[in-house]
Structure formats: structure tokens, C-alpha cells
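Below is one structure, written out as C-alpha cells, with a few remarks after it.
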Amino acid sequence: MKKISVIIPVYNNEGSLGILYEKLVSTIKSYNESFLYELIFINDGSHDNSLDILKTIQLKDSGVQVINFSRNFGQMAGILAGWKYATGDAVINISADLQDPPELIAKMLEEWENNNEIVINYREARSDSTSSAITSRIAYKLFRYSLPTLPPGGFDFALLDRKAMDAINSLTEKNRFYQGDILWVGFTIKYLPYLRAERVHGKSGYNFVKRFGNFMTAFLNVSYFPIRLMSLIGFVTAFSGFIYSFSILHAYFIAKTPFNGWAPLMMLFLIIGGFLMIMLGVIGEYIWRIYDEVKHKPNYIIKDIYTTK
Numbered sequence: 059m060k061k062i063s064v065i066i067p068v069y070n071n072e073g074s075l076g077i078l079y080e081k082l083v084s085t086i087k088s089y090n091e092s093f094l095y096e097l098i099f100i101n102d103g104s105h106d107n108s109l110d111i112l113k114t115i116q117l118k119d120s121g122v123q124v125i126n127f128s129r130n131f132g133q134m135a136g137i138l139a140g141w142k143y144a145t146g147d148a149v150i151n152i153s154a155d156l157q158d159p160p161e162l163i164a165k166m167l168e169e170w171e172n173n174n175e176i177v178i179n180y181r182e183a184r185s186d187s188t189s190s191a192i193t194s195r196i197a198y199k200l201f202r203y204s205l206p207t208l209p210p211g212g213f214d215f216a217l218l219d220r221k222a223m224d225a226i227n228s229l230t231e232k233n234r235f236y237q238g239d240i241l242w243v244g245f246t247i248k249y250l251p252y253l254r255a256e257r258v259h260g261k262s263g264y265n266f267v268k269r270f271g272n273f274m275t276a277f278l279n280v281s282y283f284p285i286r287l288m289s290l291i292g293f294v295t296a297f298s299g300f301i302y303s304f305s306i307l308h309a310y311f312i313a314k315t316p317f318n319g320w321a322p323l324m325m326l327f328l329i330i331g332g333f334l335m336i337m338l339g340v341i342g343e344y345i346w347r348i349y350d351e352v353k354h355k356p357n358y359i360i361k362d363i364y365t366t367k
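Going letter by letter, the sequence shown gives residues 59 to 367 in this note's numbering.
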């Protein structure tokens, strides 16, 4: 019998957990009653009643496992923990806020049984705020320079065959971008578009600062573009400075034109100084990630595991 693992990171989702659990179980059973399932909820330091609700669900269903973090470590840490503990033949990531419709799992399982080792539900459209939609569109457009196969709207909702799951679990880097990891390992991929629903229960824990931090982690993880852009800016600036210097010397010695005032010099100092500060900041981002990598701290710490196994 085939076994399906569903990974659900949870952070302050008390309003949606009961509904999500019912929909997940009914979807898997309606697709194929012979399938075994395990639902792995990862409580990522929730401050509401999410953990109590999950413990109640776990007590009545042996197919449910609850991993409780010692504090909030972030969505990526929750996904990594779920991947590590998942034992199914197919492993599915889904959000806990019901913005990813659980009913789509049936189509994902169908594609998986048609020998697609990775099935990705990508966001064709999203019912988010205007600012979130615009910033996400810009971010994913930048990602696609390094990951051309990344869908324009990105994805969170994906199914991984056991072979693909084992390959991803073999990766050991700390600062992860799991969409990039999924696309990097290869295997046969099937893309399915869907409309990401509007959030009904609770409030998103992502503000602009967190979203920008996640973008920087992901972008620096998959792209050498910032370093190459720095090199290009340096070359263009140096070449422009050489041409400008030659024109000044020509004007002074050939045309007998005296040097102009301090304004052009100040402009050059400010522009070049600004470029240098930006370049140092980008280098600092890469160095920090190297430092973070060599410390070998775990991505998460588990406080409790609630299971009947």
C-alpha cells in the first residue's frame, strides 16, 4: 500500500487547523481508500491555541504527528523538519491557512501515479493585497534569471516522490530556498496552475521586513547575479572615469580650458562612494552566509513530538 505524507508548517493558525485536517483526510481517502497517510504538523512557536488544537487532533487520529519547536524558527525550518520525518512514498507541502486548496491533492496524486516524480502547483494568480502581489511579481522575476524553470508566480504547494525527497534531504546547506532545491534536483516535473485563495482565518505573520529578508536569503542562495553586477558596475565606472579623465586632460592641455569647480568632483565622489558602499554590503551578505554556514547550528530545535508511533 502506498503512503502519503503531508507536511504542514503551523504558525498561529488556530482558526483553520480543524477544517484543514478534515479536508486533507477526506481528499486522500476519496482519491484512494487504500492509501495510508501521515499528516505532520510542525508548530513553529505559535502564540495562540494552535498546539492545543493539534494535540487534540493527534489524540483521535494515529495518522497525525505533531512536531513542536522550542520557538519560532520560520517556515523554511518547519518544512525541513517535516521533510526529515516524513516516511511516505510521496511527500506534499501545503500551507496551514487554507490558501492552498487541499482538494488539489487528488490531481497531484493522479499526476504522481502517472510517473511524475515532482508535481508543482504554481500560483497562476493570487488573492493578496496589491503591494504583496507587486513585490512578489518583482521578486520572482529576479529569481527566474537564475531559475528559468521557476513558475512566474512561484509555488509552495508541491508533491515530491520518495526518490526526489531523499535527494533533497541529502542537501546540508543552512540558508535554504526550497523552491530552488526542488527545481535543482531534477527528476520529472509536472506543473499545475491554480488560484491562490484569499486568507480567511487569521493574519499573515509576514511583514515587509520578513518578506525582504526571505527574498535576500533566497536570491543569494540561487544567484551569482549580485556579484557579477558589482563587477560590471566596477568596470563601467572605471572605464567612464578613464574617458572623463582623458577629456579633462585634453581640454586643459589642448584647448587651454582651466579646470572647472568642485561640483563635478563632489558628484563623482558621492556616486562612486555610493557604489562602493552597496558593493561592500553585498559582499557582507555573502560573508555572513559563509559565517552562518560554518557555525553548524541546526535550522530548528524540537521541544516535543506528539505521535502514537
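Beta carbons are placed, not taken as given, at the ideal position from N, Cα and C, and that holds for glycine.
Within a 10 Å sphere around the beta-carbon of P206 sit fewer than 16 other beta-carbons, which makes this residue exposed. Among the bridge pairs identified by DSSP, Y252 is matched with R181.
Residue environment analysis places L250 among the buried positions, since at least 16 neighbouring C-beta atoms fall within 10 angstroms of its C-beta.
Closest in alpha carbon position to P356, among E80, G132, G121, is G132. The residue among F127, I137, L109, E96 with its C-alpha nearest the C-alpha of D119 is E96.
Excluding sequence positions up to five before and after E175, its CB lies within less than 8 Å of the CB of L218, D219, K221, A222, F245, T246, I247, all in the same chain and listed in chain order. In the three-state DSSP reduction, D219 falls in the strand class (E or B).
The three-state reading of DSSP puts D155 in coil, since its state is none of H, G, I, E or B.
Across the structure, M335 and I291 are spaced so that their CA atoms are roughly 13 Å apart. About 6 Å separates the beta carbons of A139 and Y358, which is inside the 8 Å limit, making them a contact pair. The three-state reading of DSSP puts S63 in strand, counting E and B together.
Sequence-distant Cβ neighbours of D362 in its own chain, meaning closer than 7 Å and more than five residues away, are N126. Nearest C-alpha to D158 among N173, V243, A216, T366: A216. Inside the region 127 to 154, DSSP marks whole alpha helix (DSSP H) runs of 4 or more residues at positions 133 to 143, from first to last along the chain.
Counted as a single uninterrupted DSSP element, the stretch harbouring L229 is not any beta strand (DSSP E), since DSSP gives it neither H nor E. Looking at Q116, Y180, F99, I115, the one whose alpha-carbon comes closest to that of K142 is F99.
Membership of I240 in the alpha helix (DSSP H) is indicated by the continuous run 236 to 242.
Listed in chain order, the non-local C-beta contacts of V122 below 6 Å within the same chain comprise L97, I115, Q116, local neighbours out to five positions each way being set aside.
For Y79, the secondary structure class from DSSP, reduced to helix, strand or coil, is helix.
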